[in-house]
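Notes follow once the structure below has been shown.
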Amino acid sequence: MDQNNRYDRQIRLPYIDHAGQEKLGRAHVAIVGQGALGTAASSYLARAGVGHILIIDNDIVELSNLQRQTLFDESDVGRSKADAACEHLGKINSDISIASSRERLTEDNAPALLGGADIVIDASDNFEARKIINNCCVPRGIPWIYGGVVQSQGMTMNIVPGGPCFACLMPGETPERGTYPIAGTHGILSTAAPFIAAVQATEAIKIITHSFASSSVRKTLLYVDLWDNVFQEHSIVKLPGCPVCGGKDQHGSR
């Protein structure tokens with residue numbers, strides 16, 4: 006298809022233009038999870054022309070997912086989320102490469118799944134996966150974008166070389182599943198996830214088209230509550246002696 010025509014409105018943006026669009030076309034993005042955050046973020050990035058997208062999810066589509074997981078429809082119920090997402094993304098943009106993995110992300114397979122990415126989007130729903138992403142990406146200088154949503158609340162933070170990592174944000178033992186609120190137990194507003202996913206995708210586009218050091222890249226943790234109209238930014242500092250990023254050279258070339 007005519008790429009200039011497809012991305013015309015995006016190329017017209019002075020901070021993207023043709024050079025930025027070419028960078029998007031060369032970029033490799035891994036998205037961990039295809040729930041409410043992941044389906045929205047992957048759709049935004051596919052439409053933006055990110056050339057190589059890897060979808061990682063070992064779950065299947067359930068009827069209750071359709072309230073908020075925007076890529077799926079009733080015909081997908083019972084299917085692999087990774088496979089269904091790839092099919093729908095391919096219909097959105099047939100000119101990009103979309104791959105999937107139905108593996109559950111672990112410390113053992115994370116280097117193979119995430120190590121070749123230019124940026125990783127966290128769209129998981131648990132802290133175990135986020136710890137794995139952090140442990141894999143930070144030492145390799147791979148930027149990743151944390152995101153979480155429950156009820157009408159959401160938060161997101163860029164984890165970039167030289168800055169605080171997820172272990173600085175949440176030091177100590179990884180919270181066990183069942184000890185913190187998730188959509189399955191506390192509910193979720195269908196519009197909250199696309200809001201946070203849009204921020205994640207936008208930050209990814211900034212990092213790809215410029216760099217993680219760009220002045221436009223968010224340096225704070227963003228917290229929102231769409232129901233109570235709360236929008237807050239919180240500065241996170243590097244934790245002295247952090248076991249993941251403390252004292253390590255994170256200034257990679259990605």
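Residues in the sequence shown are numbered consecutively from 6, following my numbering. For every residue, glycine included, the Cβ atom is placed at its ideal position computed from N, Cα and C.
- In this structure, the CA atom of Asp13 is about 20 Å from the CA atom of His57.
- Glu238: not part of any alpha helix (DSSP H); member of the beta strand (DSSP E) spanning Val235 to His239, first to last residue.
- Inter-segment contact for the stretch 238-245 and the stretch 148-156 is absent: fewer than three beta-carbon pairs are separated by less than 8 Å.
- For Ala104, the closest of Thr75, Ile60 and Asp78 by C-alpha to C-alpha distance is Ile60.
- DSSP places Asp230 within a strand segment (E or B) once states are collapsed to three.
- Boundaries of the beta strand (DSSP E) harbouring Asp127: Ile124 to Asp127, taken from the DSSP string.
- Listed as beta-bridge partners of Gln158 by DSSP are Val155 and Asp230.
- Residues of the same chain with a CB within less than 8 Å of the CB of Gly120, apart from the 5 flanking positions on each side, are Cys141, Arg145 and Ile147 in chain order.
- Put simply, the backbone Cα of Asp127 is about 10 Å away from that of Asn139.
- The stretch 176-191 makes no contact with the stretch 26-33, as fewer than three CB pairs between them are under 8 Å.
- Counting only the Cα atoms, Ala122 lies some 14 Å from Leu50.
- The bridge partners DSSP lists for Ala104 are Leu59.
- In this structure, DSSP gives Asn163 an extended state, which the three-state scheme calls strand.
- Separation of the CB atoms of Met160 and Leu118 is rounded to 24 Å, and the pair is thereby denied contact status at 8 Å.
- Selection Gly54, Glu79 and Val55 evaluated against Val66 yields Glu79 as nearest (Cα-Cα).
- Annotation: His23 to Ala115 spans about 33 Å, alpha carbon to alpha carbon.
- Here His93 has Leu76 as same chain residues with Cβ atoms under 7 Å from its own Cβ, once five neighbours each way along the sequence are excluded.
- Of all alpha-carbon atoms in Ala41, Ala87 and Val125, the one lying nearest the alpha-carbon of Gln74 is that of Ala41.
- A Cβ-Cβ contact shorter than 7 Å links Pro180 with Phe132.
- Using a Cβ distance threshold of 7 Å, Ala209 and Ala45 do not count as a contacting pair.
- In chain order, Val66 and Leu68 place their CB closer than 6 Å to the CB of Val82, counting only its own chain and leaving out the 5 sequence neighbours on each side.
- Under the three-state reduction of DSSP output, Ser195 falls in the coil class, being neither helix nor strand.
- Taking 7 Å as the cut-off, the beta carbon of Ile21 is found no closer than this to the beta carbon of Thr207.
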